[in-house]
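Engineer:
Numbering (UniProt numbering), first residue to last: 1 to 305.
(1) Can you tell me whether residue 232 is helix, strand or coil according to DSSP?
(2) If distances are taken between C-alpha atoms only, which option among 276, 280, 207 comes closest to residue 242?
(3) Given this structure, state the Cα-to-Cα distance separating residue 267 from residue 120, to the nearest angstrom.
(4) Whole angstroms is fine: what's the gap from residue 45's alpha carbon to residue 141's?
(5) Given a cut-off of 7 Å, decide if residue 299 and residue 206 are closer than it, judged by their beta-carbon atoms.
(6) Helix, strand or coil: which one does DSSP assign to residue 285?
(7) Output needed for residue 296: all residues of its chain with C-beta closer than 8 Å, excluding positions within five of it in sequence on either side, in chain order.
(8) Can you tell me whether residue 39 is buried or exposed, with buried defined as 16 or more other CB within 10 angstroms of its CB?
(9) Could you compute how far the alpha carbon of residue 256 sits from the alpha carbon of residue 278?
(10) Enumerate in chain order the residues of its own chain whose CB-to-CB distance from residue 245 is below 6 Å, with the five nearest sequence positions on each side excluded.
(11) Which first and last residues belong to the beta strand (DSSP E) in which residue 212 is found?
(12) For residue 303, which residues of its own chain have a beta-carbon under 6 Å away from its beta-carbon, when the five flanking residues on both sides are left out?
(13) So, with DSSP's three-state summary, where would you put residue 196?
(14) For residue 165, which of 272, 143, 135 has the nearest alpha-carbon?
(15) Compute the Euclidean distance between the alpha carbons of residue 220 and residue 127, then round it to the nearest angstrom.
(16) Compare the C-alpha of residue 198 against each of 283, 105, 111 and name the closest.
(17) Taking Cβ to Cβ, would you say residue 90 is nearer than 7 Å to residue 64?
(18) Please state the DSSP three-state secondary structure of residue 133.
(19) I'd like to check one pair, residue 282 with residue 86: are the Cβ atoms closer than 7 Å?
(20) CB residue 204 to CB residue 175, shorter than 7 Å?
(21) If you measure between the beta carbons of residue 170 and residue 122, is that distance less than 7 Å?
(22) Excluding five sequence neighbours on each side, which residues of the same chain lie with their C-beta closer than 7 Å to the C-beta of residue 223?
(23) Taking all protein chains shown into account, decide if residue 84 is buried (16 or more other Cβ within 10 angstroms of its Cβ) or exposed.
(24) Apply the 10 Å Cβ neighbour rule to residue 113 and answer buried if 16 or more other Cβ atoms are within range, or exposed otherwise.
(25) How big is the Cα-Cα spacing for residue 163 and residue 259?
(26) Given a cut-off of 7 Å, decide if residue 118 and residue 102 are closer than it, judged by their beta-carbon atoms.
(27) Report buried or exposed for residue 26, applying the criterion of at least 16 other Cβ atoms within 10 angstroms of its Cβ.
(28) Classify residue 115 as helix, strand or coil using the three-state DSSP reduction.
(29) Taking DSSP as the reference, what is the three-state secondary structure of residue 244?
(30) Any idea if residue 305 is buried or exposed, counting beta-carbon neighbours within 10 angstroms, 16 or more meaning buried?
(31) What are the boundary residues of the beta strand (DSSP E) that residue 164 is part of?
Below is the structure:
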């Protein structure tokens, strides 16, 4: 039985209701615009092709994430339909995508219990992922500050729920990385316990942003984490990181978009609809603006409802 992510109070989630009624029955696909240089392309046997010479990837409509109260053009092949999909993602831009820029950011506090987190009622987005996936680097990239979050070549440095207040209006939350083998077993269990307690009980949580390393094949621990979020109906966006790392097939590597496609396929049984996803790189800032726009439309919808 397929599971539908939960509908928290005033929270956007992935709906099982038909979302494509504005389209004609002949409109079945939409082409995703690409970053420059592009990172998404048709999956071809020859991965040595110059990415700039390849065409944008085409997704069926059922694999798009369409926010509530969003109407797409009647002609899915029109230019206006193309521009409504965020670059390098499956996310349609809706009417609540505004006030996305980060003007100021400040660290507020670290908590080891959900009950100790800020109680001012501001909406928040949680970043979580396997240790060394680039979580702190992404957070720093989003706010354009090199040292807002602690970054280190040694995984497992984040061991608390860390709240960063953005524009005095909302929070980015840096959660402990999972899967760091060198961490004491007791510590790993504690991190998992209070992180999952936060997911289940935090009423101001708008969405979890699950970071997945797209430069390598899917790992079981990532698949397990995504499936747990799906089974517990936690609103989730997948952030594919390290998409600038392109390994040649002749050396046994797979392209980031291939790894991302495989990951989505493996977790599809836990979701009635495809979760929103974005391809990113903190080296090139690929996906930075797209993440902030996506957060803004989730946040503004949450505040209204």
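For glycine and all other residues, C-beta sits at the position ideal for the given N, C-alpha and C.
Bear in mind that the values here come from a model prediction, so they are computed numbers and not experimental data.
Structural biologist: In brief:
(1) For residue 232, the three-state secondary structure derived from DSSP is coil.
(2) Ranking 276, 280, 207 by Cα distance to residue 242 puts 280 first.
(3) 35 Å
(4) Per-residue confidence for residue 45 stands at a pLDDT of 30, beneath the threshold of 50, marking its modelled position as unreliable; the derived number appears in the next sentence. Straight-line Cα distance between these residues: approximately 33 Å.
(5) yes
(6) Residue 285: coil per DSSP, three-state reduction.
(7) 96, 97, 98, 99, 100
(8) Confidence at residue 39 is low in this model, with a pLDDT of 32, below 50, so its placement is unreliable and the value that follows should be read with caution. Buried is the call here.
(9) C-alpha separation (whole angstroms): 12 Å.
(10) 215
(11) 205 to 213
(12) none
(13) The answer is helix: DSSP assigns residue 196 an H, G or I state.
(14) The residue with the shortest Cα to Cα distance from residue 165 is 143.
(15) 19 Å
(16) 111
(17) Closer than 7 Å, so yes.
(18) coil
(19) no
(20) One thing to note: residue 204 has its Cβ no nearer than 7 Å to the Cβ of residue 175.
(21) yes
(22) 266, 267
(23) buried
(24) exposed
(25) 31 Å
(26) no
(27) Per-residue confidence for residue 26 stands at a pLDDT of 31, beneath the threshold of 50, marking its modelled position as unreliable; no derived number is given.
(28) helix
(29) Residue 244: coil per DSSP, three-state reduction.
(30) Flag for residue 305 reads exposed.
(31) 161 to 166
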